[in-house]
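Asker:
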Amino acid sequence: MRSGGQAMQPTDDSILDLMASFMNPGLARSFRFMGLTAYEVSAEGAWVTASDGFRYLDFSSGYGVMVHGYRHPRLVEAAKRQLDHLALSSRVLPSRQASELAALLADVTPGDLTYSFFSNSGAEAIEGAIKFARVATGRTHMVATTGAFHGKTMGALTASGRDLYQRPFRPLVPDFTHVPYGDLAAAEAVIGPQTAAVIVEPIQGEGGVVVPPAGYLSGLQRACRKHGALLVMDEVQTGMGRTGKLWACMHEGIEPDLMVMAKGLGGGILPIGATIGTPRAMAFWDEMPLIHTSTFGGNPLATAVAAEAIRVIAEEGLAERAQVLGNRLARVGIELAQAHPDVVKEVRGRGLMAGLEVAHEGLGGALMFELFQRHMLAVYTLNNPLVIRLMPPLVISDQDFEDGLSRLQEAVQAVSLVASELTGGA
Ligand code: PLP
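Taking our numbering, I'd label the letters of the sequence shown as residues 74 to 499.
1. Can you tell me whether I505 is helix, strand or coil according to DSSP?
2. Helix or strand or just coil, what does DSSP make of M107?
3. What did DSSP end up calling F127 once you bin it into helix, strand or coil?
4. Could you tell me the alpha carbon to alpha carbon distance between P253 and L290, rounded to whole angstroms?
5. Can you give the beta carbon distance from E328 to P183, rounded, assuming they're within the 8 Å contact cut?
6. To the nearest angstrom, report how far apart T219 and P266 are at their CA atoms.
7. Using a Cβ distance threshold of 8 Å, determine whether the segment 147-155 contacts the segment 111-123, with at least three qualifying pairs required.
8. Would the beta-carbon of F222 be found less than 7 Å away from any heavy atom of the ligand PLP?
9. With a Cβ-Cβ cutoff of 8 Å, do G281 and L459 count as a contact?
10. L490: which of I386, H413 and G424 sits nearest, CA to CA?
11. Is it true that the segment 303-317 meets the segment 169-177, where meeting means three or more beta-carbon pairs spaced less than 8 Å apart?
12. Given G77, which residues of its chain have a CB within under 7 Å of its CB, disregarding the five upstream and five downstream residues?
13. Near A420, which residues of its chain fall below 8 Å by C-beta distance, leaving aside the five closest residues on each side in sequence?
14. What is the rounded straight-line gap between the Cα of L425 and the Cα of R243?
15. Does S115 come out as helix, strand or coil in the three-state DSSP assignment?
16. Which same chain residues end up closer than 8 Å to P247 when comparing Cβ atoms and leaving out the 5 residues on each side of it in sequence?
17. Which same chain residues, not among the five before or five after Q396, have their C-beta less than 6 Å away from its C-beta?
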């Protein structure tokens, strides 16, 4: 053994050294550059305890995963209970946990969504949707949006709309057309009788928390129905109560043909993805039950926790809480943009899916640095480095939420002060 496995507590630097030597040198460098050398030791609720002994308030929710916060007691309990009986299944006999989760999802998702396919991540769930749309319609043409993020496997990457991540991997999956997000006329111009599906996020997350104009999603649904194309709603980041409703497409009464979920579905405990479709979109299962499979997808452990995660959202009123706290965050966002227009262009979003757009490039890094200095965790949106996501867990207490807002205000003030000193107070 060349390294690791020591009984002694590792130092912060030794962990980054291991990462640099055996995982990803570039990533280790950026951790060092941002001063993020302490590693994560434990976490609970909205707080992460690191090896430097500090508790960090997480306003990023692990890229949107921690809807229920870290290690929600009911979800830890559900996992332990299931572990004591059956973690992974033989897959030779039917699964009770997967079947019960599927029935629950059919109940809580909009419209006629009925059949669930389980996988292990958002990208994998999107791959399922792309394949299901093809086999259901016998067509290959897909419409997606610029700035979109659907994951980084080949199909999901093709559907995503950022050249930076796509370029090294071309040629990608053929027959995709990208149109500007929020522009219904542009989408209508390319959706036709050859289109298998339109893939869209109800709010673009990694694109910079972009809320589309009212009527956009219902317009897409109309255009799809007109041409027999399927509407695929990517709720990987927006789902599970984050925007103030269980699914963000419910704000506009949308009934998708296929819906994709992951992140919060695992309750902050386990990875799981799901693709749920209408009987029409999933009719192929009847003839081809093994046409798409996943060894770990739908395992008893993850599906038992996911069912409990959905119940917790309903029973603890987490979607409603996202709405209330989101309104407070929006008010603070307006104040921040008014008080410090040199730093904050705007804070936008829906519920507790919010993004702060900085006034110009370069300020994002400075603001994140100031937040880290105040022991608050925040991250950029992947496709838009001008936007820092503000997405605390939905279970965050009122006191911790106000504490986070104060840290944010202080960090913005600090960046504003430095910026004005650099420009000579102009
Ligand atoms: N779809 C959306 C909207 C996402 O935000 C993400 C991840 O951020 C994905 C898909 C991909 O999920 P994963 O990283 O689990 O593959």
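All C-beta atoms, glycine included, are put in the ideal place defined by N, C-alpha and C.
Answerer: According to the structure shown:
1. The question about residue 505 has no answer here: the residues shown for the chain are numbered 74 through 499.
2. coil
3. coil
4. 13 Å
5. 5 Å
6. 22 Å
7. no
8. yes
9. yes
10. H413
11. no
12. Model confidence at G77 stands at a pLDDT of 47, short of 50, so the residue's coordinates are unreliable; what they give is reported in the following sentence. Taken in chain order, the residues that qualify are L91.
13. Residue 420 is actually Val in this sequence, not Ala. Closer than 8 Å at the Cβ level, and outside the excluded window around V420, lie L402, A403, V405, G406, I407, L409, A410, A427, G428, L429, E430 and L463.
14. 36 Å
15. strand
16. T213
17. G317 and G424
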